[in-house]
Amino acid sequence: MSQSHPQPIENGDLQRLFDHPDWMYLLREFDTLYRHGSAGGSKLIRGHRKRIRDNLSKTVETNPTFTPRTPATLPVTAHLPRALDLGERGAVSGMARALSRVTSALSWEYGYARVPKSLARKYAYCEILGPRGPVRSERLVLGFVLFAPRTTYPQHSHHEIEESYISIAGAWSENDVAVHAPGSLILNRPGEEHRITTADVDPCLLAYAWTGPETRLSTPDMKLSSTRKARITQGI
31 MSQSHPQPIE NGDLQRLFDH PDWMYLLREF DTLYRHGSAG GSKLIRGHRK
81 RIRDNLSKTV ETNPTFTPRT PATLPVTAHL PRALDLGERG AVSGMARALS
131 RVTSALSWEY GYARVPKSLA RKYAYCEILG PRGPVRSERL VLGFVLFAPR
181 TTYPQHSHHE IEESYISIAG AWSENDVAVH APGSLILNRP GEEHRITTAD
231 VDPCLLAYAW TGPETRLSTP DMKLSSTRKA RITQGI
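Using the numbering used here, the first residue of the sequence shown is number 31, and each one after it goes up by one.
1) Indicate the three-state DSSP secondary structure (helix, strand or coil) for I196 in the structure shown.
2) Kindly provide the ranges of any alpha helix (DSSP H) runs that are 4 or more residues long and lie completely inside the stretch 154 to 218, ordered along the chain.
3) For the candidate residues A178, T107 and G124, whose alpha-carbon lies nearest to that of E139?
4) Taking a contact to mean a Cβ-Cβ separation below 8 Å, would you say L44 touches T103 in this structure?
5) So, are the CB atoms of A237 and A201 less than 8 Å apart?
6) Whole angstroms is fine: what's the gap from R169's alpha carbon to V132's?
7) If you count every other CB in all the chains shown that lies within 10 Å of the CB of H66, and 16 or more means buried, which is it?
8) Taking its Cβ as the centre, do 16 or more other Cβ atoms sit within 10 Å of K152, making it buried, or is it exposed?
9) Buried or exposed for K259, going by 16 or more other Cβ atoms inside 10 Å?
10) For my contact list, Y55 and A128 are in at a C-beta cut-off of 8 Å; report their separation, rounded to the angstrom.
11) Let me know the secondary structure DSSP gives H50 once reduced to three states.
12) To the nearest angstrom, how far is the alpha carbon of Y183 from that of R119?
13) Note down, in chain order, each residue of its chain lying with its Cβ closer than 6 Å to the Cβ of Q33, except the 5 sequence neighbours on either side.
14) For S130, which residues from the same chain have a beta carbon less than 8 Å from its beta carbon, with the 5 sequence-adjacent residues on both sides left out?
15) If contact is defined by three or more beta carbon pairs under 8 Å, each pair taking one atom from either stretch, is the stretch 209 to 218 in contact with the stretch 146 to 166?
16) Where does the unbroken beta strand (DSSP E) through T241 begin, and where does it stop?
17) Assuming P161 contacts S87 under a Cβ cut-off of 8 Å, what Cβ separation, rounded to an integer in Å, is found between them?
18) Please state if the CB of L235 and the CB of I196 are separated by a distance shorter than 8 Å.
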């Protein structure tokens, strides 16, 4: 998806984050999740949480440029209203409500040059902050990924990228080792392979965060580990 050109505001300057309170409050909810959530006693998760908070704070303090992207939907976004309804009744209701304020402006995409048929109606993601997000950042990527019920996202890993998911709505499993409920955080270290499955009835909405080298965040070469291995230049 191509980004639209920045539009001037009344003072003649480019748009900035502080000119868009709904987006600023959405980023504040990310800060809340990574500031007040539990690390479960894990030093690795505690360190990851701090890196996300610090990078987000540094980005917001600069009042970064805001470049509206062309809104785009995909088949799976028909499940978004249900996911938001579940989220607003769950452990991270603030994030679900903040996201609902900007849904009409989101640009959902696959991230694949050629999307696998098994995912075409079951998966999409949108970047909120990052090199390709409406809120510009070179040091951090924040966004959301949406799965339909009964989805399997294949085994994959991210080179040089540290990734976390925080559940907003729906139950899901990573690597078939546990069931994760809203509010839970999963950390995937660089190069660690992971596979996602979702529940039978409800959609699953996850917030995600990436940290890593600036060059990698802008071109996050993801490696699929299925029988037919392939590399894609964007994706979750």
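Ideal placement from N, C-alpha and C gives every residue a C-beta, glycine not left out.
No experiment lies behind these values; they were computed from the predicted model shown.
On the basis of the data shown:
1) Taking the first residue of the sequence shown as 1, we reach residue 196 at position 166. Strand, per DSSP.
2) none
3) The count along the sequence shown starts at 1 and reaches residue 139 at position 109. Of the listed residues, the one whose Cα sits closest to E139 is T107.
4) One-based indexing of the sequence shown puts residue 44 at position 14. One-based indexing of the sequence shown puts residue 103 at position 73. For L44 and T103, no; Cβs fall outside 8 Å.
5) Taking the first residue of the sequence shown as position 1, residue 237 is located at position 207. Taking the first residue of the sequence shown as position 1, residue 201 is located at position 171. In this structure, A201 does not lie closer than 8 Å to A237 by Cβ.
6) As a working mapping, residue 169 is identified with position 139 in the sequence shown. As a working mapping, residue 132 is identified with position 102 in the sequence shown. Between R169 and V132, the C-alpha separation is close to 23 Å.
7) By one-based count along the sequence shown, residue 66 stands at place 36. Answer is exposed; the Cβ neighbour count stays below 16.
8) As a working note, residue 152 is residue 122 in the sequence shown. Result: buried.
9) To locate residue 259, count along the sequence shown from 1; it is residue 229. Per-residue confidence for K259 stands at a pLDDT of 43, beneath the threshold of 50, marking its modelled position as unreliable; the derived number appears in the next sentence. Looking at its Cβ environment, which holds fewer than 16 other Cβ atoms inside 10 Å, K259 is exposed.
10) As a working note, residue 55 is residue 25 in the sequence shown. As a working note, residue 128 is residue 98 in the sequence shown. Going by Cβ atoms, the distance from Y55 to A128 rounds to 5 Å, so yes, they are a contact pair.
11) Here residue 50 is taken as the residue at index 20 of the sequence shown, counted from 1. Note: H50 maps to coil in three-state DSSP.
12) For the purposes of this step, residue 183 is identified with residue 153 of the sequence shown, where counting begins at 1. For the purposes of this step, residue 119 is identified with residue 89 of the sequence shown, where counting begins at 1. Those two C-alpha atoms are separated by around 26 Å.
13) The count along the sequence shown starts at 1 and reaches residue 33 at position 3. In this prediction, Q33 has a pLDDT of 37, which is less than 50 and means its spatial position is unreliable; what the coordinates show is noted afterwards. For Q33, where only same-chain residues beyond five positions count, the Cβ hits under 6 Å are T97 and R99.
14) Looking up residue 130 in the sequence shown gives position 100. The residues are L114 and E118.
15) no
16) Taking the first residue of the sequence shown as position 1, residue 241 is located at position 211. Element bounds for T241: C234 to T241.
17) Along the sequence shown, one-based indexing puts residue 161 at 131. Along the sequence shown, one-based indexing puts residue 87 at 57. So it is not a contact: roughly 18 Å between Cβ atoms.
18) By one-based count along the sequence shown, residue 196 stands at place 166. By one-based count along the sequence shown, residue 235 stands at place 205. It is not a contact, given that the beta carbons lie outside the stated cut-off.
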